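Enquirer: First residue of the sequence shown: 1, per full-length UniProt numbering; consecutive thereafter.
All residues carry an ideal CB built from backbone N, CA and C; glycine is no exception.
Note that the structure is predicted; figures quoted are calculated from it, not measured.
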Amino acid sequence: MKRVEDLLVLIKNIRPITVDDDATIDEVVEKMLVFHRDRAVYVIDREGILAGIISLGDISRHLLSEGIYHGESHMPGRSILSTFMAEKAADIMTRSVITTLPEEELNSMIKKMIDHRLKVIPVVDAGGKLLASINLLDIFELKAQEKI
1 MKRVEDLLVL IKNIRPITVD DDATIDEVVE KMLVFHRDRA VYVIDREGIL
51 AGIISLGDIS RHLLSEGIYH GESHMPGRSI LSTFMAEKAA DIMTRSVITT
101 LPEEELNSMI KKMIDHRLKV IPVVDAGGKL LASINLLDIF ELKAQEKI
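1) At 4 residues or longer, what runs of the alpha helix (DSSP H) sit wholly inside the region 81-105?
2) Straight-line CA distance for Met113 to Val28?
3) Using a Cβ-Cβ cut-off of 7 Å (strictly less than) and excluding sequence neighbours within five positions of Val97, which residues of its own chain qualify?
4) Are Val4 and Glu104 close, meaning C-beta to C-beta below 8 Å?
5) Rounded to the nearest angstrom, what separates Arg95 and Ser55 at their Cα positions?
6) Mapping DSSP to helix, strand and coil, what is Gly57?
7) Count the other CB atoms, across all protein chains shown, that sit within 10 Å of the CB of Asn135; report buried if there are 16 or more and exposed otherwise.
8) Using the three-state DSSP reduction, which class does Ala110 fall into: helix, strand or coil?
9) Assign Leu33 to buried or exposed, taking buried as 16 or more other Cβ atoms, counted over all protein chains shown, within 10 Å of its Cβ.
10) Roughly how many angstroms separate the alpha carbons of Lys119 and Glu30, rounded to a whole number?
11) By Cβ distance, which residues of its chain are closer than 8 Å to Gly127, with the 5 residues on each side in sequence left out?
12) Taking 8 Å as the threshold (C-beta atoms), are Ile17 and Val41 in contact?
13) So, are the CB atoms of Ile92 and His116 less than 8 Å apart?
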C-alpha cells in the first residue's frame, strides 16, 4: 500500500504557499495572485507549525459578514477594502485544518479529502510542522500517468 510520503516524491511542486500569522490580508491576497496553484495560503507560526489556512472562500465569507458585498456597510468602498486588507491573517483563517501525515496510507488521505470536500491537504509532521501541500490535481495527474 502506498503512503503519502511516496506521493510527495512524485509531485513536482509540493512547497506550500505560506504566510506568518501576523501577515496582513493584503499579503495573503498577493501570495494567492502570484502563486495561484492551490488558491489557498497556509498560515504558520514562528516555528513553522501550521496555525490555519485561508482560502478564497474564507476571504469571500469575511467580506460577506462585513456587509461589503451587499452594500450594507456605511463606509465608502475604498475605505472598506483598505480596512479589510490591513486585517491580520490570523483574524480570518480557518483554524481547524484537516491534515495528513507522511506515513498515512494514500487511500486514507484521498478518502479524507473526499469526505471533507478538500481540494488541497497540508502534510504535517507529528509536531504539526507544515511540510508540503497536496492538490487534488496532483493526484489526478499521477493517476493518469499510472504512477499511483
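Expert: Result, derived from the coordinates:
1) 89-92
2) 23 Å
3) Leu50, Gly52, Ile53 and Pro122
4) yes
5) 12 Å
6) helix
7) buried
8) The residue you asked about is not Ala; residue 110 is Ile in the sequence shown. Here Ile110 sits in helix by DSSP.
9) exposed
10) 20 Å
11) Ile49
12) yes
13) no
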